[in-house]
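Okay, structure first, notes after.
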Amino acid sequence: TAQGQNDQIPTFCPDQESIEIAFFADIHVNEGNAMERAMRQAVEEVNSLPYDFVVIAGDLCNMGSDAELELVHEIVSKFNKPLMVTAGNHETTWSESAFMTYGRLFHEQGRVAMRAGNYLFVGYQVGPYMKMAEGTIRPEDILWIEQTMRNARPTDKIISVCHYPLINDISNRKEITDLLRKYDTKMTLCGHYHQLKLANYDSIPGVMGRAFVPLASVRRLCNHLAAVHNQGADRHLVCLLRHPRKGDRAA
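Under our numbering, the first residue of the sequence shown is numbered -6, with each subsequent residue one higher.
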């Protein structure tokens, strides 16, 4: 699509080497449920903090209904930061509109590229397209991903964003990890397993997110991710998973 062309990719915080990201996955909003209330609170909290960018890596709702999608769109539209959203299996498998409502509200075909600082975020979906089937990255999406990365600026550091971790739950995992390594992808962001952890996917560093980080108190905040590029070592990327009152964990 046209958005794969470099001059049409939305760009924020130009030339910024370090960016602060509010990272969500698996928010599973449904009208009146606890996740709707928590997400509304999380939006207020993120808006009050100095984040540069917000990423939601899929599973926005429970059943993929149009009503749920409209509701979660209303909530996340209140972020006062640039927002990137990718689709999860709860948007693709159970969609009552054959994914048309998601495309109208968020990103057509589930593909999106955005640039924050010197980081190029390349987002795509993996289905599945039948209930209980494996995830699969469609051939047309593979072509779009490669075109987008090929057109990256020389200073861009590429970050992959998809709902599934890059493991054998994706039928063509090897194809996508080979492609990501070809373009020196620095990191992949994912969700699906509702855990907050660091991972390695065929030598590609990965951060698996969850919706909220539970605390001893009643408050919950998003996952905090800081991407810092070390000019002296091209592949050095530091990830910080942090709660502002709980300290940092670095990798």
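C-beta: ideal position from N, C-alpha, C; glycine also.
- Going by DSSP, residue 115 is part of the beta strand (DSSP E) stretching over 112 to 116.
- Where residue 150 is concerned, the enclosing beta strand (DSSP E) starts and stops at 150 to 154.
- Scanning 143, 139, 129 and 142 for the CA closest to the CA of residue 160 turns up 129.
- Our two residues, residue 164 and residue 81, have alpha carbons roughly 16 Å apart in a direct line.
- Its Cα nearest to that of residue 56, the residue 85 stands out among 192, 85, 175 and 118.
- When DSSP states are grouped into helix, strand and coil, residue 55 belongs to the coil group.
- Within its own chain, the residues whose Cβ lies closer than 7 Å to the Cβ of residue 192, once the five positions on either side in sequence are excluded, are 158, 199 and 201, listed in chain order.
- With respect to the 7 Å criterion, residue 59 and residue 11 are not classified as neighbours on the basis of their beta carbons.
- Taking the C-beta atoms as reference points, residue 152 is found no nearer than 7 Å to residue 194.
- Rounded to the nearest angstrom, the Cβ distance from residue 115 to residue 135 is 12 Å, too far for a contact under 8 Å.
- With fewer than 16 other Cβ atoms from the protein chains shown falling within 10 Å of its own Cβ, residue 25 counts as exposed.
- Ranked by how close their Cα comes to the Cα of residue 62, the residues 74, 72, 87 and 41 have 87 in first place.
- Residue 48 places its beta carbon less than 7 Å from that of residue 14.
- Rounded to whole angstroms, the separation of the alpha carbons of residue 141 and residue 106 is 8 Å.
- Residue 184 and residue 78 have their alpha carbons spaced roughly 12 Å apart.
- Following the DSSP letters along the chain, one finds residue 132 inside the alpha helix (DSSP H) bounded by residues 132 to 143.
- For the segment 165 to 207, the continuous alpha helix (DSSP H) assignments of 4+ residues that do not extend past its boundaries occur at 166 to 175, in sequence order.
- When DSSP states are grouped into helix, strand and coil, residue 129 belongs to the coil group.
- Partner residues in the beta bridge of residue 46, as assigned by DSSP, are 14.
- Between residue 66 and the set 23, 203 and 154, the nearest pair of CA atoms involves 23.
- A check of alpha carbon separations from residue 98 across 68, 73, 74 and 119 identifies 68 as the nearest.
- In the three-state reduction of the DSSP assignment, residue 91 falls in the coil class.
- The Cβ atoms of residue 110 and residue 188 do not sit closer than 7 Å to each other.
- Under DSSP, residue 77 forms a beta bridge with 48.
- Here residue 28 carries a helix assignment [DSSP, helix/strand/coil].
- Rounded to whole angstroms, the Cβ separation of residue 83 and residue 204 is 12 Å, and the two are not in contact under 8 Å.
- Rounded to whole angstroms, the Cβ separation of residue 104 and residue 117 is 6 Å, and the two are in contact under 8 Å.
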